[in-house]
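Written out below as structure tokens is the structure these notes cover.
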Amino acid sequence: LVSSTTLISAYADKGLLEKAQEVFDSMPERNLVSWTALLVGYAQSGRLSEAATLFRTMPEHNEYSRTAMLTAYTHCGQLDKARQIFSSNPVDQTVCNAMMAALSLAGLVDQAKAVFDSMPELDLVSWNTLLAAYAQSGRFAEAKQLFDAMPDQDIVSWTALLTAYASVGNLREAERIFFGAMQCHDGISVAAMISLYAQSRDLEAAKRVFDRCERFSLQCSNSLLAVYAVNDRPEEAKLVFESMEEWDALSWTLMLSAYAHSGQLSRAEQLFSATPPLAAAASATAMVWAFSQTGHIVHAKQTFDTMDQRSQASWNVMLAGFGQAGQLSEARKLFHQMPCRDAGSWASLLAAYAQNGQPWRAIDVFYEMNASEAAAVAG
RNA sequence: GAAGUUGAUGAUUCCAA
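Residue 881 is where the first sequence starts when you use the working numbering, and the numbers rise one by one after that.
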């Protein structure tokens, strides 16, 4: 039982869900841990419907499975469902922390603070979550105040503080923290500093930090790849990509969009054909986007049709593609085919009508939304 | 001995640059 469950987790981590499912199916008996491990696997690959089905059919739940499902809904923009899990179960520290993160992701920082205030016990994750919520929403004063009030701080807290300084454009203070106050670093803290330099348009400094810290490779490389992709430097991106020792789905997406951004569509296609299964869904989405951007809506649709796992983002990208191409009836059709819709889907449909001289239909669409969807779009 | 929550990075709407 234990070793099969370990195997499920291992496959799930690598995005090999078919394998994980196979192991799960062949188990003579299962427990909550095995169910949850598989659920998390689907959730992390963005396969929400499969995760939800597992959650519904599993014989029992505990804090682990509830937290996992709550987070899965959050990452797919389904805050309502996350709230439902939260409010219909007994209070649990980790579930509260996850709910705070969910609210923060939806931009509802004050509601996250309300959860924080209601918690009987706070741990480091609770403090860090609220700190990050302030930092990400540009509420610097509150972030700093909370940081100083925390019983103790770890590298997560320090990195969040770094973001807080960045959000108010205080690069000097961020440097002082990164090179001075912080006593240790990991891939994410270095990646944060890289993108901070990139935001202040100092690509040289970004590269310098990267060169000094290559031992934290994957996260730092992705961060630098993103810098080059956005700044139209496909050659430098290629150098980074080829020097990497491991790649995740994001690395592939970044490299593809570096080519796409610079108009090198054939190079993008070439790379796309070499994409490993782990990155297949993300890469295909990037290609759909690249084709739509360059007016190749037919190719975009073809690529979309060959995908066997469609994330929420991929549906939205395709929808936006039809909008840009002026194919409104296709857009509307796709919108109704989508298994679920998040704020981005509604926004894309609205934009499609608005940009094609039919703003009144956009208004109709707007009134079709229910209140929570409208709130999400407004947010 | 196995599973969940927090920090950086990308693609989808609007705006800005």
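Glycine included, each C-beta is placed from N, C-alpha and C at the ideal position.
Everything numeric in this text was worked out from a predicted model, so none of it was measured.
Output the distance between the C-alpha atoms of ALA1267 and SER1103, rounded to the nearest integer angstrom.
-> Absent from the structure is residue 1267, since the part of the chain shown begins at 881 and ends at 1259.
Going by CA-CA distance only, name the one from GLU902, GLY1049 and THR1009 that's closest to PHE1020.
-> The candidate whose alpha carbon is nearest that of PHE1020 is GLY1049.
For VAL1110, does the three-state DSSP call read helix, strand or coil?
-> Correct three-state label for VAL1110: helix.
Cβ-based neighbour list, ALA1040, same chain, cut-off 6 Å, excluding 5 preceding and 5 following | So the list reads LEU1011, ALA1012 and ALA1015, once near-sequence residues are dropped.
As assigned by DSSP and simplified to three states, the class of ARG936 = Secondary structure of ARG936 (DSSP, three-state): helix.
Within 10 angstroms of the Cβ of TYR1247, are there 16 or more other Cβ atoms? Answer buried if so, exposed if not.
-> Using a 10 angstroms sphere on the CB of TYR1247, the tally of other CB atoms stays under 16, which defines it as exposed.
On the three-state DSSP scale, how would you describe ALA1078?
-> Looking at ALA1078 - three-state DSSP - the assignment turns out to be helix.
Nearest-angstrom beta carbon gap, LEU1105 and ALA1117 [assumed within contact, 8 Å] | For a cut-off of 8 Å, the C-beta gap from ALA1117 to LEU1105 is around 6 Å, short enough to register as a contact.
Using the Cα positions of LYS1181 and GLN1150, report the straight-line distance between them to the nearest angstrom.
-> Each residue's CA atom was taken as its position, placing LYS1181 and GLN1150 some 18 Å apart.
Quick check: the segment 1154-1170 against the segment 1183-1199, are there 3 or more CB pairs under 8 Å?
-> With a cut-off of 8 Å, the segment 1183-1199 and the segment 1154-1170 count as touching, because enough Cβ pairs lie within range.
Rounded to a whole number of angstroms, what is the C-alpha to C-alpha distance between SER889 and ALA1072?
-> In a straight line, the C-alpha of SER889 is about 28 Å away from that of ALA1072.
So, do the segment 961-968 and the segment 1192-1208 have three or more beta carbon pairs nearer to each other than 8 Å?
-> No, because fewer than three Cβ pairs between the segment 961-968 and the segment 1192-1208 fall closer than 8 Å, the two stretches do not touch.
Taking all protein chains shown into account, do 16 or more other C-beta atoms lie within 10 angstroms of the C-beta of ALA1258, making it buried, or fewer, making it exposed?
-> Bear in mind that the predicted position of ALA1258 carries a pLDDT of just 49, short of 50, making it unreliable; the figure below should be weighed with that in mind. Exposure of ALA1258 is indicated by the presence of fewer than 16 other C-beta atoms within 10 angstroms of its C-beta.
Length-filtered (4 minimum) alpha helix (DSSP H) runs lying within the segment 963-1045 = The qualifying runs are 973-985, 989-998, 1004-1016 and 1020-1029.
Ordered along the chain, which non-local residues of its own chain (more than five positions away) have a Cβ less than 7 Å from that of GLU940?
-> These residues qualify, in order along the chain: LEU912.
Minimum C-alpha distance to THR974 - residue among LEU988, MET999 and GLN991 | That would be MET999, whose Cα lies nearest to the Cα of THR974.
Contact set for ARG946: own chain, Cβ-Cβ below 7 Å, skip 5 residues either direction | Counting only Cβ-Cβ distances below 7 Å, and skipping sequence neighbours, we find ILE965, ASN969 and VAL975.
Check ALA1258 in the structure and name its three-state DSSP category.
-> Confidence at ALA1258 is low in this model, with a pLDDT of 49, below 50, so the placement of that residue should be treated as unreliable; the coordinate-derived value is given next. Here ALA1258 sits in helix by DSSP.
Give the DSSP-derived three-state secondary structure of LYS1118 in the structure shown.
-> Reduced to three states, the DSSP call for LYS1118 is helix.
Three-state secondary structure (DSSP) of VAL920 | Helix.
Spatial neighbours of GLU1125 within its chain, please: CB distance less than 7 Å, with the 5 preceding and 5 following residues excluded, ordered by chain position.
-> Same-chain partners within the cutoff: SER1097.
Ignore the nearest five residues each way along the sequence and tell me which others in PHE1059's own chain have a CB closer than 8 Å to its CB.
-> Closer than 8 Å at Cβ, skipping near neighbours: no residue.
Residue from ILE1068, ILE1035, MET938 and TYR953 whose Cα sits closest to the Cα of CYS1220 | When each option's Cα is compared against that of CYS1220, the closest is TYR953.
In terms of alpha-carbon separation, which member of ALA892, ASN1111 and SER1047 lies closest to SER1017?
-> Among ALA892, ASN1111 and SER1047, the Cα nearest to that of SER1017 is on SER1047.
With a 10 Å radius around its C-beta and 16 neighbouring C-beta atoms as the bar for buried, classify GLU930 as buried or exposed.
-> By the 10 Å Cβ count, GLU930 comes out buried.
Please go through the same chain and pick out, in chain order, the residues whose beta-carbon is closer than 7 Å to the beta-carbon of SER1080, but skip the five residues on each side of it.
-> Closer than 7 Å at Cβ, skipping near neighbours: LEU1051.
Is the beta carbon of LEU1042 less than 8 Å from the beta carbon of ALA1029?
-> No, the pair does not count as a contact, with Cβ atoms beyond the cut-off.
SER1131 and SER1101 closer than 8 Å at C-beta | In contact: SER1131 and SER1101 (Cβ atoms closer than 8 Å).
Is the beta carbon of ASP972 within less than 7 Å of some heavy atom of the ligand NAP?
-> As presented, the structure is devoid of all ligands, the ligand NAP included, so that no description of it is given.
Have a look at LEU934 and TRP915 and give me their C-alpha separation to the nearest angstrom.
-> One C-alpha to the other measures close to 7 Å.
With a CB to CB cut of under 6 Å and the five nearest residues on each side skipped, what residues in its chain are close to LEU887?
-> Closer than 6 Å at the Cβ level, and outside the excluded window around LEU887, lie VAL903.
Reducing DSSP to helix, strand and coil, say where ASN1196 ends up.
-> ASN1196 carries a helical assignment under DSSP once its states are collapsed to helix, strand and coil.
Run of the alpha helix (DSSP H) containing LYS894, from where it starts to where it stops = For LYS894, there is no enclosing alpha helix (DSSP H), as DSSP gives it neither H nor E.
For SER1069 versus ASP1112, is the C-beta spacing smaller than 8 Å?
-> Between SER1069 and ASP1112, the C-beta spacing is not below 8 Å.
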